[in-house]
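Numbering (this note's numbering), first residue to last: 1480 to 1558. Input: a single structure, listed below in structure tokens.
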């Protein structure tokens, strides 16, 4: 996002994460996704981030993203 400050970028990321976590919780509570399906979804997301960490300047961000997804998967609050 061109012209965004670091604070705005972090706020956007935090808002997106909060929305996604809320959606996952709601989908589980409504029975749309099972615990197993949510586990698979988060495992796939973490794997995708690891695959994206290919040595470029964004690699650290991808690795940190994968670690955060794993933390969510383990049931810990990510924020």
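Glycine included, every Cβ here is placed at the ideal spot set by N, Cα and C. These figures come from a predicted structure and were not determined experimentally.
### Task
Give the C-beta separation of residue 1503 and residue 1517 to the nearest angstrom, bearing in mind that I take them to be a contact with Cβ-Cβ under 8 Å.
6 Å
### Query
Just checking, does the segment 1508–1524 make contact with the segment 1483–1492 on the three C-beta pairs under 8 Å criterion?
no
### Rounded separation between residue 1533 and residue 1525 - CA only
14 Å
### Message
Measuring straight from C-alpha to C-alpha, what distance separates residue 1540 and residue 1510?
### Response
33 Å
### Message
Just to check my reading of the structure: residue 1528 and residue 1548 have Cβ atoms closer than 8 Å, yes? What is that Cβ distance to the nearest angstrom?
### Response
6 Å
### Message
So the candidates are 1553, 1536, 1537; which of them puts its Cα closest to the Cα of residue 1520?
### Response
1553
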